[in-house]
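Okay, structure first, notes after.
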Amino acid sequence: MSSRAQPAMIMEPSRRARIYSLIGLAVLLLLAIIIATGVGSVSISFPTTFSILADRLPFVEITPTWPDNIAAIIVDVRLPRVILAGLVGAALAVAGATYQGLFRNPLADPYLIGVAQGASLGAVIGFLLPVGWHIAGFGLIPLLAFAGALLATVTVYLLARVGKTLPVTTLILAGVALSALLSSIVSYLIISAGNKMHGIIFWLMGSFSQSQWSEIEIVLPYVAAGTAVIIIFARLLNVMQLDEEQAQQLGVNVERLKIILLAAATLVTAASVAFVGTIGFVGIIIPHAVRIIWGADHRFLLPLAVLTGATFMIFTDLIARTVMAPAEIPIGVITAICGAPFFLYLLRRRKKAIF
Amino acid sequence: MKTTLKKLGLVCLAAILFSSLFISCDSGTESPTAPLTITDQLGRTVTLETTDPQRIVSLAPANTEILFALGLGDKVVGVTDFSDYPPEAFKKPNVGRYDIPNIELVLAADPDLILADSIHQSEIIPQLESHGLTVVAIAPATFDEIFDSIRMVGEITGTTAKAEELLEDMEARVEVITEKTEDLPESERVSVFYLVWHDPLMTSGGDTLINEMIEIGGGRNIFEDTSGAAMVELEELIARNPQVIIAGVGMGLDVETTMQVFESEPRLAETDAMKNSRVYGIHLDISGRTGPRIVEGLEAFARAIHPELFE
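Chains as they are written, first to last, in the numbering used here: chain A, 1 to 355; chain B, 1001 to 1311.
Right, dumping it as structure tokens:
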């Protein structure tokens, strides 16, 4: 035996550990949904909440001992809000993980190539147009926000494309530049917004306070489809962590993969931002936290990010709407205050390079 | 690839099953035979199930004041921040911020009528309506529209007699002012600058209620060529040389701050208003709320602009 001390080996969690983590997180998510639906500015007892929720399950009938408006609070106000928070948290986390994997850059977040500023510009324009236009039951604002997000990303893509390739650095730079331009237009519009300024600023800060089932019906398909596509390519995303040349030599159609993953991640982000505004922190930090705890294998990183992001967002939204009830703290504040210290703790504990 | 697809399929299936458990159908509100259909001040057609609401939630301080002035204070079951007049209103259950009321609390109050404001137009009103609640929006932009709004509230709450009484009283007080100022020649109209905020410098343009109050009070808004809450240049203010400066006070801007702001700006010292110390503060509770007390605000404007005509 050599007398030289062996360097400390930090083992990647085993495959079994990861699968148990997936199941555990899924259970935690379910618990989070139930708890968050039971707590709010109006105090409703847990038994009542359970009964109301159980009554909604198919094949279950409970004679109501509660007034209609309380049921409406649980089923039409809190539950959609909690579910939307979970959806958006999952979406931002998985999109963030994808961007970080694609760009091989730890600072990447879902808003990197213009989604946030494009959506903000769309939303502000929606605010300033004569209100009252509804298309298919939706206000103009989410529609324009979504369109703005996609247009911005497409513009960045077109600007950065070089022949048949999409150089990653150019993409980032173009994204930053376009975001700056859009952001200044947004600022100008805010100043000229008069008495709508207030509403706009609140929208931009991000909030789940107006969540409705109709919104979930729109967001869910986009997020589900986009996440599915991303997870399908998880193994290829692993390969992409080598540099692009090597990946190409290993048989990966790198350019096509980039476009597919970018499109999916952007779609997922745009759908989220369109309805709730731009919520920061989740997209960049949750993937890193998951990486620190469970390793960087994207086949697990992505689903774990989905579950972690969802649970995190549900809990932070719960805090945002209860700590100062009946007022709400903007959720971006809570995600940062809750998430940052925990993330710093993780960094210190592991004491290894995670990227 | 195959196992990933299988995993994926299972995940998707689980997600769809899980979500279908909870996506509720339409919460089934019947459409009752309505005794009254009105058009509110945001142009919305509202069908009212009853003209005798028993549980009213007011989402704006002006609306709260109207309700109490019409004797409906007992029926108010929820108010938002700033609903502090009359004092009884302040003791009512709070349902959240003025601009973003808390939907849970509004629902918990179980109202059969909600009086909203133009600020709630884009997000709050649609959401309240999606829960089957009756929302009427009050959004007057002129004095006449304020009178209309009071008349409308009287109509939808069955207090038309009281509303007419209140309006007569208000109109009489306005008469006292207009009979002296209606026929003032342009030369006797006092030029007024209204201060909304000092940094950035903001004033009220020609299409605002403030502008109307300045006009009725016998003055002329030096920035009537702007619109809404307008940011203006200091040099324009100096060039237009107002004879009177009126500041909206009460929300972060009291009279002392106003005076300090203006005194600390030496370039303004040459304006007529500063030279003659004609700088006044008028509380936003009476000049900014489009309720019954707006006539108090008008009277304050008249006194500030033509102290020789109104004591």
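Note that beta-carbon positions come from the ideal geometry of N, C-alpha and C, so glycine has one too.
These numbers were taken from a predicted model, which means no experiment stands behind them.
*Proximity below 8 Å, CB of residue 89 of chain A to CB of residue 310 of chain A*: Yes, they are a contact pair.
*Leaving aside the five residues before and after residue 1242 of chain B along the sequence, list all residues of the same chain whose C-beta is less than 8 Å from its C-beta, in chain order.*
The answer, listed in chain order, is 1191, 1192, 1193, 1222, 1271, 1272, 1273.
*For residue 1153 of chain B, which residues of its own chain have a beta-carbon under 6 Å away from its beta-carbon, when the five flanking residues on both sides are left out?*
Excluding residues within five positions, the ones whose Cβ falls inside 6 Å are 1066.
*Neighbour list for residue 69 of chain A in chain B, Cβ cutoff strictly below 7 Å*: The answer, in chain order, is 1107, 1108, 1110.
*Can you tell me which of the three DSSP states residue 1197 of chain B falls into?*
Correct three-state label for residue 1197 of chain B: strand.
*Taking one C-beta from the region 70-84 of chain A and one from the region 29-44 of chain A each time, how about it: are there three or more such pairs within less than 8 Å?*
Contact between the region 70-84 of chain A and the region 29-44 of chain A is present: 3 or more CB-CB pairs across the two stretches fall below 8 Å.
*Go ahead and pull the three-state DSSP assignment for residue 1044 of chain B.*
DSSP places residue 1044 of chain B in coil when its eight states are reduced to three.
_Contact between the region 1171-1188 of chain B and the region 1073-1087 of chain B is defined here as three or more beta-carbon pairs at a separation below 8 Å; is this criterion met?_
In short, these stretches do not touch, since the Cβ pair count stays below three.
*Taking a cut of 7 Å between CB atoms, which residues from the region 1079-1105 of chain B lie near chain A?*
Correct list: 1094, 1095, 1096, 1097, 1099, 1100, 1102, 1103, 1104, 1105.
*Is DSSP giving residue 1221 of chain B helix, strand or coil here?*
Looking at residue 1221 of chain B - three-state DSSP - the assignment turns out to be strand.
*CB-CB under 7 Å to residue 337 of chain A, same chain, minus the five flanking residues each way: which ones, in chain order?*
Result list for residue 337 of chain A: empty, nothing under 7 Å.
*Local conformation of residue 1152 of chain B per DSSP, three classes*: For residue 1152 of chain B, the secondary structure class from DSSP, reduced to helix, strand or coil, is helix.
*Check whether the region 282-292 of chain A touches the region 233-253 of chain A, taking contact to mean three or more Cβ pairs, one atom from each stretch, closer than 8 Å.*
Contact check between the region 282-292 of chain A and the region 233-253 of chain A: fewer than three CB pairs, one atom from each, fall below 8 Å, which does not count as touching.
*asked:* Taking the alpha helix (DSSP H) that residue 335 of chain A belongs to, which residues open and close that run?
replied: Counted as a single uninterrupted DSSP element, the alpha helix (DSSP H) harbouring residue 335 of chain A occupies residues 331-350.
*Return the chain-ordered ranges of every alpha helix (DSSP H) run that is complete within the region 78-127 of chain A and spans a minimum of 4 residues.*
For the region 78-127 of chain A, the continuous alpha helix (DSSP H) assignments of 4+ residues that do not extend past its boundaries occur at 79-103, in sequence order.
_Is it the case that the region 13-32 of chain A contacts the region 48-55 of chain A, given that we only count it when at least three CB pairs across the two stretches are under 8 Å?_
By the Cβ test, the region 48-55 of chain A is not in contact with the region 13-32 of chain A, since fewer than three Cβ pairs between them sit closer than 8 Å.
*Test item: CB-CB of residue 1296 of chain B and residue 73 of chain A under 8 Å*: Annotated as distal: residue 1296 of chain B and residue 73 of chain A, with beta-carbon spacing of 8 Å or more.
*asked:* Would the region 216-229 of chain A count as touching the region 112-132 of chain A if we require 3 or more Cβ pairs under 8 Å?
replied: Segment contact: the region 216-229 of chain A against the region 112-132 of chain A, fewer than three CB-CB distances shorter than 8 Å; contact not assigned.
_At the 8 Å Cβ level, is residue 89 of chain A part of the contact set with chain B, yes or no?_
Residue 89 of chain A has a beta carbon lying at 8 Å or more from every beta carbon in chain B.
*Nearest to residue 297 of chain A (by Cα), restricted to the options A:187, A:239, A:199*: The residue from A:187, A:239, A:199 with its alpha-carbon nearest to that of residue 297 of chain A is A:239.
*Compare the Cα-Cα distances from residue 157 of chain A to each of A:21, A:261, A:96, A:217 and report the closest residue.*
Among A:21, A:261, A:96, A:217, the Cα nearest to that of residue 157 of chain A is on A:261.
*For residue 123 of chain A, collect the residues of the same chain with a Cβ closer than 6 Å to its Cβ; drop the 5 residues on either side in sequence, then sort them by chain order.*
Hits under 6 Å: 141, 145, 203.
_Opening and closing residue of the beta strand (DSSP E) in which residue 1058 of chain B lies_ = Start and end: 1056-1058.
*asked:* Could you tell me the alpha carbon to alpha carbon distance between residue 1286 of chain B and residue 1300 of chain B, rounded to whole angstroms?
replied: A straight-line Cα-Cα distance of about 9 Å links residue 1286 of chain B and residue 1300 of chain B.
*Leaving out the 5 sequence neighbours to the left and right, which residues in its chain are closer than 7 Å to residue 1099 of chain B when beta-carbon positions are compared?*
If the five residues before and after residue 1099 of chain B are omitted, its C-beta is found closer than 7 Å to the C-beta atoms of 1119, all from its own chain and listed in chain order.
*CB residue 1055 of chain B to CB residue 1089 of chain B, shorter than 8 Å?*
No.
*What distance in whole Å lies between the Cβ atoms of residue 1143 of chain B and residue 1212 of chain B, which are believed to be in contact at a cut-off of 8 Å?*
That belief holds up - the Cβ atoms of residue 1212 of chain B and residue 1143 of chain B are roughly 6 Å apart, short of 8 Å.
*Supposed close pair residue 1206 of chain B, residue 1224 of chain B - CB separation, criterion 8 Å*: At roughly 4 Å, the Cβ-Cβ gap stays under 8 Å, so residue 1206 of chain B and residue 1224 of chain B are in contact.
_Against chain B, with Cβ distances strictly below 8 Å, would residue 60 of chain A count as a contact?_
It does not; no Cβ of chain B falls within 8 Å.
*asked:* Here's the rule I'm using: 16 or more other beta-carbon atoms within 10 Å means buried, otherwise exposed. How should residue 1293 of chain B be labelled?
replied: Answer is buried; the Cβ neighbour count reaches 16.
*Given a limit of 9 Å on CB to CB distance, which residues of the region 1127-1154 of chain B reach chain A?*
Across the region 1127-1154 of chain B, CB contacts with chain A closer than 9 Å involve 1127, 1130, 1131, 1132, in sequence order along the chain.
_Measuring alpha carbon to alpha carbon, tell me which residue in B:1217, B:1136, B:1052, B:1282 is nearest residue 1308 of chain B._
Nearest C-alpha to residue 1308 of chain B: B:1217.
_residue 1036 of chain B versus residue 1158 of chain B - alpha carbon distance_ = If you draw a straight line from the Cα of residue 1036 of chain B to the Cα of residue 1158 of chain B, it comes to about 11 Å.
_Cβ pair count under 8 Å reaching 3, the region 344-351 of chain A against the region 319-329 of chain A_ = Contact fails: fewer than three Cβ-Cβ distances are below 8 Å.
_So, for residue 1025 of chain B: in the same chain, excluding its five sequence neighbours on each side, which residues have a beta-carbon less than 7 Å away from its beta-carbon?_
Low confidence applies to residue 1025 of chain B: its pLDDT is 40, below 50, so where it sits in the model is not reliable, and the reading given next is rough at best. Cβ within range, chain order: n/a, list empty.
*Can residue 1133 of chain B and residue 1101 of chain B be called in contact, C-beta distance under 8 Å?*
Their beta carbons are not under 8 Å apart, which means residue 1133 of chain B does not touch residue 1101 of chain B by this criterion.
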